[in-house]
Amino acid sequence: MTRSWTAADAGRVLRRPTASDDKYSRGVLGVRTGSDAYPGAAVLGVEAAWRTGVGMVRYVGPERPTSLVLARRPETVAAEGRVQAWLIGSGTDASTRPAHETEALRGILHDTDPVVVDAGALDLAADATAPRILTPHEREHARLRSALGLGHPPDDRAAAARETADATGAVLLLKGSTTIVAAPGAAAIEVSAGTPWLATAGTGDVLAGVIGALVASAVADGRATDAASLAGLAASGAWLHGHAGRLASADRGGGPVTALDVAEALARAVADALDAV
Numbered sequence: 037m038t039r040s041w042t043a044a045d046a047g048r049v050l051r052r053p054t055a056s057d058d059k060y061s062r063g064v065l066g067v068r069t070g071s072d073a074y075p076g077a078a079v080l081g082v083e084a085a086w087r088t089g090v091g092m093v094r095y096v097g098p099e100r101p102t103s104l105v106l107a108r109r110p111e112t113v114a115a116e117g118r119v120q121a122w123l124i125g126s127g128t129d130a131s132t133r134p135a136h137e138t139e140a141l142r143g144i145l146h147d148t149d150p151v152v153v154d155a156g157a158l159d160l161a162a163d164a165t166a167p168r169i170l171t172p173h174e175r176e177h178a179r180l181r182s183a184l185g186l187g188h189p190p191d192d193r194a195a196a197a198r199e200t201a202d203a204t205g206a207v208l209l210l211k212g213s214t215t216i217v218a219a220p221g222a223a224a225i226e227v228s229a230g231t232p233w234l235a236t237a238g239t240g241d242v243l244a245g246v247i248g249a250l251v252a253s254a255v256a257d258g259r260a261t262d263a264a265s266l267a268g269l270a271a272s273g274a275w276l277h278g279h280a281g282r283l284a285s286a287d288r289g290g291g292p293v294t295a296l297d298v299a300e301a302l303a304r305a306v307a308d309a310l311d312a313v
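Structure (structure tokens):
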């Protein structure tokens, strides 16, 4: 059994800033993504987080992606410090990850701040203790299940996602034309807000940034980070990402979009979700 996520559902997890807010009360997201081989992933995730409405982004990464992030988004703080949630793994490769980076990621995953775990950090996520949202695509999901001893995913994607969530103790967001979000021991959520034009390089990095921003903002607002709450945030991120893809395509006469187009449409997607409540 699954539940479909709507614009109003997404709007209810968002919070309009007030006159009493500052950058800290709106959420601080730590981003440890990108690599010299894939620096664009860092730019896209950071851009998406800012466009979703987080109060501050702290980026920690190699020199090349850091310079590109700051060139695109100079308001980003390229220094370590206190954060309320993390985004890790986008644009990285576990097979070439240095030992010191593995140690740093393990530290994040065994701390108390919630973590959005993407791409090259998924191999470290199964035995972590921090509250987690895992964001694999189908091939990454199959590799994760193999590492967990779960075997090939069944044809029922919702059942497969629930099984993986139960095995890891984490929220599992399985990307696809219909995105599935599963929390341990709970019914799955379906999100079908997107467009086939989203099947292009970099859009997963944008999605991860959206979810990271939502989680950091929720923590700053004093909301719970239990699995059910994180599942709602993940589903809302998927809805905003999909809706932004539709908006970006509509701006181009219904034609193809790039990942950066999607990120730039996020502010309108957020406004539409807030208006739906």
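At the far end of the sequence shown sits residue 313, using my numbering, and the numbering has no gaps. Here a beta-carbon is modelled for each residue, glycine too, at the ideal position from N, C-alpha and C. Keep in mind it's a predicted model, so treat the numbers as computed, not measured.
Between residue i and residue j, how many whole angstroms is the CB-CB distance? I'm expecting something under 8 Å.
| i | j | result |
| --- | --- | --- |
| Val152 | Gly248 | 5 Å |
| Ala244 | Ser126 | 5 Å |
| Thr88 | Leu276 | 7 Å |
| His146 | Ala166 | 6 Å |
| Thr38 | Glu176 | So it is not a contact: roughly 21 Å between Cβ atoms. |
| Val82 | Arg109 | 6 Å |
| Leu186 | Pro172 | About 13 Å separates the two Cβ atoms, so there is no contact after all. |
| Thr294 | Thr236 | 7 Å |
Over what stretch of residues does the alpha helix (DSSP H) that includes residue i continue unbroken?
| i | result |
| --- | --- |
| Arg29 | An answer regarding residue 29 cannot be provided, because it is not within the stretch 37 to 313 covered by the chain. |
| Val79 | 76-88 |
| Leu50 | Taken as a continuous stretch (DSSP letters only), Leu50 belongs to no alpha helix (DSSP H), as it is neither H nor E. |
| Gly127 | Here Gly127 belongs to no alpha helix (DSSP H), and DSSP marks it neither H nor E. |
| Glu226 | Per DSSP, Glu226 belongs to no alpha helix (DSSP H); it is in the beta strand (DSSP E), 224-227. |
| Val246 | 239-256 |
| Arg175 | 174-184 |
| Val313 | First-last for Val313: undefined, no H or E at that position. |
| Arg118 | Element bounds for Arg118: n/a, residue is neither H nor E. |
| Val298 | 295-300 |
| Arg193 | 193-204 |
| Gly143 | 135-145 |
Can you give the Cα-Cα distance for residue i and residue j, rounded to whole angstroms?
| i | j | result |
| --- | --- | --- |
| Ala161 | Leu170 | 8 Å |
| Asp228 | Ala44 | Per the sequence shown, residue 228 should be read as Ser rather than Asp. Using only the alpha carbons, I get a separation of about 14 Å. |
| Gly230 | His279 | 6 Å |
| Gly91 | Ala203 | 34 Å |
| Leu106 | Trp122 | 19 Å |
| Asp287 | Leu296 | 13 Å |
| Arg68 | Ile124 | 5 Å |
| Asp241 | Ala55 | 31 Å |
| Asp72 | Gly63 | 28 Å |
| Ala263 | Gly290 | 36 Å |
| Val116 | Ser131 | Residue identity check: residue 116 is Glu in the sequence provided, not Val. Looking at the two C-alpha atoms, the distance is approximately 25 Å. |
| Ala201 | Gly221 | 8 Å |
| Glu111 | Glu300 | 16 Å |
| Ser40 | Leu269 | 14 Å |
| Pro292 | Val306 | 21 Å |
| Ser61 | Arg259 | 12 Å |
| Thr42 | Asp57 | 27 Å |
| Glu139 | Asp311 | 43 Å |
In terms of residue numbering, what span does the beta strand (DSSP E) encompassing residue i cover?
| i | result |
| --- | --- |
| Trp122 | 121-124 |
| Ala218 | 215-218 |
| Ser56 | Note, Ser56: premise wrong, no beta strand (DSSP E); not H, not E. |
| Ser40 | 38-40 |
| Val151 | 151-153 |
| Gly268 | Gly268 -> not in any beta strand (DSSP E); alpha helix (DSSP H) instead, spanning 263-287. |
| Gly66 | 64-68 |
| Val93 | 92-95 |
Could you check which residue in the options has the C-alpha nearest to that of residue i?
| i | options | result |
| --- | --- | --- |
| Glu174 | Asp154, Thr165, Asp57 | Asp154 |
| Leu302 | Arg142, Gly156, Gly97, Leu283 | Leu283 |
| Glu199 | Glu176, Ala223, Ala85 | Ala223 |
| Ser265 | Ile144, Pro232, Pro150, Arg109 | Pro150 |
| Ile144 | Thr215, Val306, Gly66, Thr236 | Gly66 |
| Thr128 | Ala194, Pro75, Ala312, Asp311 | Pro75 |
| Thr261 | Leu180, Arg168, Ala195 | Arg168 |
| Ala178 | Ala196, Ala164, Arg304 | Ala196 |
| Lys59 | Ala46, Gly47, Trp86 | Trp86 |
Can residue i and residue j be called in contact, C-beta distance under 8 Å?
| i | j | result |
| --- | --- | --- |
| Val217 | Ala271 | yes |
| Val49 | Leu184 | no |
| Val79 | Arg94 | no |
| Gln337 | Ala256 | Since the displayed the chain opens at 37 and closes at 313, residue 337 lies outside it and no answer follows. |
| Gly281 | Val298 | yes |
| Ala267 | Ala219 | yes |
| Gly97 | Arg133 | no |
| Pro190 | Ser213 | no |
| Ser253 | Arg52 | no |
| Ala84 | Val246 | yes |
Compute every distance between the C-beta of residue i and the non-hydrogen atoms of the ligand MG, then say whether any falls below 7 Å.
| i | result |
| --- | --- |
| Ala307 | What this structure holds is no ligand at all, so the ligand MG is not there to describe. |
Hey, does residue i have any beta-carbon neighbour from chain C nearer than 8 Å?
| i | result |
| --- | --- |
| Gly290 | The chain inventory of the structure shown lacks chain C, comprising one protein chain alone. |
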